[in-house]
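Q:
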Amino acid sequence: MKNKAIALTLAAMLAAGVAAPTAVIAQPIESGYQEALDQFDQKAIRKIDVDRIYNHIATLSEAPRVAGTDVENRAVDYLRDEFESYGYDVEVQPFTYVGYTEPTRIELAVPGHEGELNPGNFTYGISGDVTASLVDAGIGSPADFEGIDAEGKIAVIQRGEFSFAEKIVNAAEAGAAGVVIYNNSPGALNGTLGGHDDRFIPAVSLSQEQGQSLLQHMSGNPDAEARILVEGAETGEHTSHNVIATKHPTNKKKDTGEVIVIGSHMDSVPGAPGANDNASGTAVTLELARAMKNLPSDTEIRFASFGAEELGLIGSHHYVSELSETEKDRIIANFNLDMVGSRDAGDLIVASVDGEPNLVTELTQKASTKLNGEPTTRGRSGSSDHVPFHQAGIPAALFIHSPLEPWYHTPEDTLDKISKEKLLDVAEIVAAAVYDRARFDNQNPKDKKRKESSVPKEAYFEQSIR
Ligand code: BES
Ligand code: ZN
Numbered sequence: 000m001k002n003k004a005i006a007l008t009l010a011a012m013l014a015a016g017v018a019a020p021t022a023v024i025a026q027p028i029e030s031g032y033q034e035a036l037d038q039f040d041q042k043a044i045r046k047i048d049v050d051r052i053y054n055h056i057a058t059l060s061e062a063p064r065v066a067g068t069d070v071e072n073r074a075v076d077y078l079r080d081e082f083e084s085y086g087y088d089v090e091v092q093p094f095t096y097v098g099y100t101e102p103t104r105i106e107l108a109v110p111g112h113e114g115e116l117n118p119g120n121f122t123y124g125i126s127g128d129v130t131a132s133l134v135d136a137g138i139g140s141p142a143d144f145e146g147i148d149a150e151g152k153i154a155v156i157q158r159g160e161f162s163f164a165e166k167i168v169n170a171a172e173a174g175a176a177g178v179v180i181y182n183n184s185p186g187a188l189n190g191t192l193g194g195h196d197d198r199f200i201p202a203v204s205l206s207q208e209q210g211q212s213l214l215q216h217m218s219g220n221p222d223a224e225a226r227i228l229v230e231g232a233e234t235g236e237h238t239s240h241n242v243i244a245t246k247h248p249t250n251k252k253k254d255t256g257e258v259i260v261i262g263s264h265m266d267s268v269p270g271a272p273g274a275n276d277n278a279s280g281t282a283v284t285l286e287l288a289r290a291m292k293n294l295p296s297d298t299e300i301r302f303a304s305f306g307a308e309e310l311g312l313i314g315s316h317h318y319v320s321e322l323s324e325t326e327k328d329r330i331i332a333n334f335n336l337d338m339v340g341s342r343d344a345g346d347l348i349v350a351s352v353d354g355e356p357n358l359v360t361e362l363t364q365k366a367s368t369k370l371n372g373e374p375t376t377r378g379r380s381g382s383s384d385h386v387p388f389h390q391a392g393i394p395a396a397l398f399i400h401s402p403l404e405p406w407y408h409t410p411e412d413t414l415d416k417i418s419k420e421k422l423l424d425v426a427e428i429v430a431a432a433v434y435d436r437a438r439f440d441n442q443n444p445k446d447k448k449r450k451e452s453s454v455p456k457e458a459y460f461e462q463s464i465r
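Here the sequence shown stands for residues 0 to 465, where the numbers follow numbering that gives the first Met the number 0.
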């Protein structure tokens, strides 16, 4: 957490218009690593306005920003307009993906069966309305279907041994018209078919208990029938977007050719307003773009907002896949801000995919030590947009608070749970860390040494989050 004494001293100096000296603000810390907030750190952070961050979150989190929907498109427009209003050239990069819409209605009716049946859906399952007699098809292997007549019937299949998709395709190839798959352990079954397949027939899932009750009903009623009804399920091509604003190096002659990407995802999961996941990271990215607009720098900084992260990091994968080898080589760091403002989450973590330190974690620990008196805890995590950068060999890390808040991916992920203190802490750390690398090297004779200095090993702490 922020060291209040440091924050107040700095705020007071800035308010009074005092030119900050280079080495007096930070307090000694136990690790023995001492460095003060210098003029560059102060330049990087002084324009950050946390109320602007908060207001962006308020605007973005009015409704869930599900990838490919109008609400996500409105977020794209908002981001483009904001970046442009700060004076940036903005690229809106569209991309397509195959997406699945969950059914609006799913029913399983078995006349004469006593007891409740609560059918579930399989992701990528198709819509349909099938009334037919029921047949026990074991685990749904080709051998199971050889021994029975499934033609035109609804096959009742047990979970296990091979995929749900294979069971459904085996049933379809044996001529079945529909499928019920029941669990092989207690409880409900929530499954995915992994992707669309033209051979699929309508299918629903049942818990182990309800599956066994259905089989019992069938054994006493050889002519038992059922109706499967799935409405509104759809697999189709959707479009989402990435939005990228570029801050070019101030002086072409001193351009290092290096690029730093500060990124975050703009989309949320269905039903969640996503104030923290991830209007927070998106809003901090916007404000960093505004606050850093006129900083003299010799390194390109890109402010990126990715779409369709929640569907499998689709936007960031697309962004990285479109980069040439030369472009990939130019990118020296990816700072990924995802869930950076929850009042109910734990402390800030800077997490690389492999848990190892890299340029991003090092710059971050150096900046946080200067700002707060202690280095941000390092961690290990995949599950967000830094992964495609890491896979391309680019030093990358995720900024997130750990442990997560209980509202993660729920309708309760709302503005009232957002902490301005947490937002400001992350924004300042990232601004100072990025500017440490992006500022001109030749403004201070000590620069060369400064760039090489890093947090000593004993200041590293590690935490694995997921
Ligand atoms: N904001 C989360 C990332 C996250 C959550 C990272 C918890 C680490 C711990 C992100 O938006 C998310 O929900 N990611 C998905 C995975 C993604 C590949 C769809 C997840 O973690 O389930
Ligand atoms: Zn997220």
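Cβ coordinates follow ideal geometry from the N, Cα and C atoms, glycine included.
These numbers were taken from a predicted model, which means no experiment stands behind them.
Where are the alpha helix (DSSP H) runs, 4 residues long or more, that stay fully inside the stretch 124-160, in chain order?
A: Fully enclosed alpha helix (DSSP H) runs of 4 or longer: 141-145.
Q: Do you know how far the Cα of Asp-412 is from the Cα of Thr-284?
A: Those two C-alpha atoms are separated by around 19 Å.
Q: Between Asp-384 and the ligand ZN, is the CB less than 6 Å from at least one heavy atom?
A: The answer is no for Asp-384.
Q: Can you name the residues that DSSP bridges to Ala-303?
A: Note: Ala-303 sits in a beta bridge opposite Ile-243 and Gly-262.
Q: Classify Thr-234 as helix, strand or coil using the three-state DSSP reduction.
A: Three-state DSSP puts Thr-234 in a strand.
Q: Considering just the uninterrupted stretch of the beta strand (DSSP E) at Ser-204, what are its terminal residues?
A: Per DSSP, Ser-204 belongs to the beta strand (DSSP E) from 202-205.
Q: For Asp-276, verify whether its CB is less than 6 Å away from any heavy atom of the ligand ZN.
A: Yes, Cβ of Asp-276 sits closer than 6 Å to a heavy atom of the ligand ZN.
Q: Applying the 10 Å Cβ sphere with the 16-neighbour rule, what's the burial state of Gly-256?
A: It counts as exposed.
Q: Measure from the alpha carbon of Tyr-99 to the alpha carbon of each residue in Ser-126, Asp-80, Val-91 and Phe-388, then state which is nearest.
A: Comparing Cα-Cα distances from Tyr-99 to each of Ser-126, Asp-80, Val-91 and Phe-388, the minimum goes to Ser-126.
Q: Does DSSP put Phe-121 in a helix, a strand or coil?
A: In the structure shown, Phe-121 sits in a strand (DSSP, three-state: E or B).
Q: Does the Cβ of Ala-303 have 16 or more other Cβ atoms within 10 Å, making it buried, or fewer, making it exposed?
A: Counting Cβ neighbours within 10 Å, Ala-303 comes out buried, since at least 16 surround it.
Q: Which one of Asp-196, Glu-230 and Arg-51 has the shortest CA to CA distance from Gly-119?
A: Here the closest residue by C-alpha is Glu-230.
Q: Return the CA-CA distance between Lys-421 and Arg-342, expressed in angstroms with no decimal places.
A: In a straight line, the C-alpha of Lys-421 is about 7 Å away from that of Arg-342.
Q: In terms of alpha-carbon separation, which member of Ser-239, Ile-167 and Glu-172 lies closest to Tyr-96?
A: Checked all of Ser-239, Ile-167 and Glu-172; the closest Cα to Tyr-96 is Ser-239.
Q: Cβ atoms of Asn-333 and Val-433: under 7 Å apart, would you say?
A: Cβ atoms of Val-433 and Asn-333: not closer than 7 Å.
Q: In the DSSP assignment, find the unbroken beta strand (DSSP E) run with Ala-426 in it and report its ends.
A: Run containing Ala-426: none in the beta strand (DSSP E); it sits in the alpha helix (DSSP H), 419-437.
Q: Helix, strand or coil for Pro-401 per DSSP?
A: Looking at the sequence shown, residue 401 is not Pro but Ser. Note: Ser-401 maps to strand in three-state DSSP.
Q: In three-state DSSP terms, what is Ala-108?
A: Ala-108: strand per DSSP, three-state reduction.
Q: Using C-beta distances below 7 Å, list every residue in its chain close to Val-91, excluding the 5 sequence neighbours before and after it, in chain order.
A: Counting only Cβ-Cβ distances below 7 Å, and skipping sequence neighbours, we find Val-75, Arg-79, His-240 and Val-242.
Q: Grouping DSSP H, G and I as helix and E and B as strand, with all else coil, what is Pro-27?
A: Model confidence at Pro-27 stands at a pLDDT of 35, short of 50, so the residue's coordinates are unreliable and nothing is read from them.
Q: Could you tell me the distance, in whole angstroms, from the CA atom of Ala-278 to the CA atom of Gln-207?
A: Rounded to the nearest angstrom, the two C-alpha atoms are 40 Å apart.
Q: Counting along the chain, where does the beta strand (DSSP E) carrying Asn-335 start and finish?
A: 330-336 is the span of the beta strand (DSSP E), which, as asked, contains Asn-335.
Q: Looking only at its own chain, which residues have a Cβ that is under 6 Å from the Cβ of Pro-141, when we skip the five neighbours before and after it?
A: Asn-169.
Q: Taking the alpha-carbon positions, what's the Ser-383 to Asp-337 distance?
A: One C-alpha to the other measures close to 7 Å.
Q: Apart from the five residues just before and just after Gln-209, which ones in its own chain have a Cβ nearer than 8 Å to its Cβ?
A: Once the five neighbours on either side are set aside, the close Cβ partners of Gln-209 are Gly-114, Glu-115, Leu-116, Asn-117 and Tyr-181.
Q: I need the DSSP call for Gly-190, collapsed to helix, strand or coil.
A: Strand.
Q: Check whether the Cβ of Asp-440 lies closer than 6 Å to any heavy atom of the ligand ZN, and answer yes or no.
A: False, no ligand heavy atom lies under 6 Å from that Cβ.
Q: Count the other CB atoms, across all protein chains shown, that sit within 10 Å of the CB of Glu-308; report buried if there are 16 or more and exposed otherwise.
A: Looking at its Cβ environment, which holds 16 or more other Cβ atoms inside 10 Å, Glu-308 is buried.
Q: Should Glu-83 go down as buried or exposed, given a rule of 16 or more other Cβ atoms within 10 Å for buried?
A: With fewer than 16 Cβ atoms within 10 Å of its Cβ, Glu-83 is classed as exposed.
Q: With the cut-off set at 7 Å, would you say Val-359 and Pro-394 are in Cβ contact?
A: Contact flag set, yes.
Q: For the stretch 315-331 against the stretch 367-375, are there 3 or more C-beta pairs whose distance is under 8 Å?
A: Segments in contact, no.
Q: In whole angstroms, give me the CA-to-CA distance for Ser-296 and Ala-232.
A: Answer to the nearest angstrom: the Cα atoms are 50 Å apart.
Q: Where do the N-terminal and C-terminal ends of the alpha helix (DSSP H) with Tyr-53 fall, by residue?
A: Segment 49-59, the alpha helix (DSSP H) holding Tyr-53.
Q: Would the stretch 40-51 count as touching the stretch 396-414 if we require 3 or more Cβ pairs under 8 Å?
A: Not touching, per the Cβ criterion.
Q: Does the beta-carbon of Asp-254, which I'm using as the reference point, lie nearer than 6 Å to any heavy atom of the ligand BES?
A: Not so, every heavy atom of the ligand BES lies at least 6 Å from the Cβ.
Q: Where Val-134 and Val-155 are concerned, what is the direct C-alpha to C-alpha distance, given to the nearest angstrom?
A: Going from the Cα of Val-134 to the Cα of Val-155 covers about 6 Å.
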